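A.B. asks: Following the working numbering, the numbering of the sequence shown begins with 1 at its first residue and continues without gaps.
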Amino acid sequence: MAEDGQKSDKILVVEDDEASSTILVRFLNLMGYSNISLAENGKEAINELNIGQVDLIISDWHMPDMDGLEFYWTAKNEGLIGDAPFLMVSAENDRARIIEALKAGVNDYILKPVDSKILKEKIEKLLGSSC
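#1: Would you call the segment 83–97 and the segment 52–70 in contact, with 3 or more CB pairs under 8 Å?
#2: Would you call the segment 30–49 and the segment 6–20 in contact, with 3 or more CB pairs under 8 Å?
#3: I'd like to know whether the C-beta atoms of Ser8 and Asn35 end up nearer to each other than 8 Å.
#4: Would Glu44 be called buried (16 or more neighbouring beta carbons within 10 Å of its own) or exposed?
#5: DSSP has Tyr109 in a bridge; who is on the other side?
#6: What is the DSSP secondary structure of Ser20, counted as helix, strand or coil?
#7: Going by alpha carbons, who is nearest to Ile123 out of Ser21, Leu28, Asp65?
#8: Thinking C-beta only, is Leu69 closer than 8 Å to Ala101?
#9: Look up Leu126 in the DSSP assignment and give the residues it is bridged to.
#10: Val25 by DSSP, collapsed to three states: which one?
#11: List the residues that DSSP assigns as beta-bridge partners of Ala39.
Okay, here's the thing in structure tokens:
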């Protein structure tokens with residue numbers, strides 16, 4: 001997958017669970033992404049976005065301090081997201097809640113546990129390139 005070389009896209013992964021974060025980073029590395037910033041919650045992610053723009057945001061929903069949807073709204077209202085697609089990755093499987101996130105403007109949604117093929121397809125769609 002990474003045989004084609006490293007991709008330059010900067011990705012922000014917002015995840016409070018260390019195991020989930022490690023898995024996401026591993027999958028991204030296998031797809032050729034190495035420019036990855038990590039945040040453990042929405043507040044840390046806001047700080048990361050204040051440092052610089054990213055090309056893609058992958059965020060968990062349920063986190064302490066500021067959850068994924070609060071983070072999305074705050075970052076959007078403060079103009080920090082820019083054109084970056086927002087991919088929600090969560091164990092939240094209540095259809096009404098997923099629809100709430102998508103209606104809020106989240107670009108796509110993946111249920112945990114994350115399947116590497118589904119993650120790859122979603123990222124290709126969101127970034128408009130092949131991984």
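Glycine included, every Cβ here is placed at the ideal spot set by N, Cα and C.
Please read these numbers as outputs of a predicted model, since none were measured by experiment.
C.D. replies: Inspection of the coordinates gives the following:
#1: yes
#2: yes
#3: Going by C-beta atoms, Ser8 is nearer than 8 Å to Asn35.
#4: Buried is the call here.
#5: Met88
#6: helix
#7: Taking Ile123 as reference, the option from Ser21, Leu28, Asp65 with the minimal CA-CA separation is Leu28.
#8: Taking 8 Å as the Cβ cut-off, Ala101 and Leu69 qualify as a contacting pair.
#9: Partner(s): none; Leu126 has no beta bridge.
#10: helix
#11: Val14
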